[in-house]
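Residue numbers (this note's numbering): 20 to 118.
We put the beta carbon where it would ideally sit given N, CA and C, even for glycine.
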Amino acid sequence: MSVIPETVLPETVVAETPEAVDVITGARERIDALDDRIIGLIQERVAVSAVIQEARISSGGRRVSLSREMEILGHYRDALGRPGTALAMTMLELSRGRI
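Structure follows, in structure tokens:
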């Protein structure tokens, strides 16, 4: 049995006025652009983290610094609240893999 890929269509903007449609459409475009920038920054962070890990390993150290990771978790939590901790955990996992 073959699976036919589902076509993804853009969501129709539902609003009460044409002005609201314009605002929503523009805001969604801005969010999409921000998401693209965030993804690029995450990819850059992953690459920088790989450089740090390689330097640590090649100098006889550990790949991961748990005290540094705790600093990062605290920074995200302080800036974004409790959900910031989950976001930081995801960023750390992307950057160094699971431990």
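Coil, strand or helix - residue i by DSSP
i           : result
residue 104 : helix
residue 36  : coil
residue 122 : Residue 122 lies beyond the range of the chain shown here (20 to 118); nothing can be said about it.
residue 111 : helix
Spatial distance of residue i from residue j (CA atoms)
i          : j           : result
residue 81 : residue 103 : 26 Å
residue 99 : residue 108 : 13 Å
residue 28 : residue 85  : For residue 28, the predicted model reports a pLDDT of 49, less than 50, meaning its position is unreliable and no value from the coordinates is stated.
residue 19 : residue 41  : Because residue 19 is not part of the residues shown, which for the chain are 20 to 118, the question remains open.
residue 45 : residue 115 : 36 Å
residue 77 : residue 71  : 10 Å
residue 31 : residue 62  : 31 Å
For this session: Would you list, in sequence order, the uninterrupted alpha helix (DSSP H) runs of no fewer than 4 residues that lie entirely inside the stretch 52-100?
Result: 85-99
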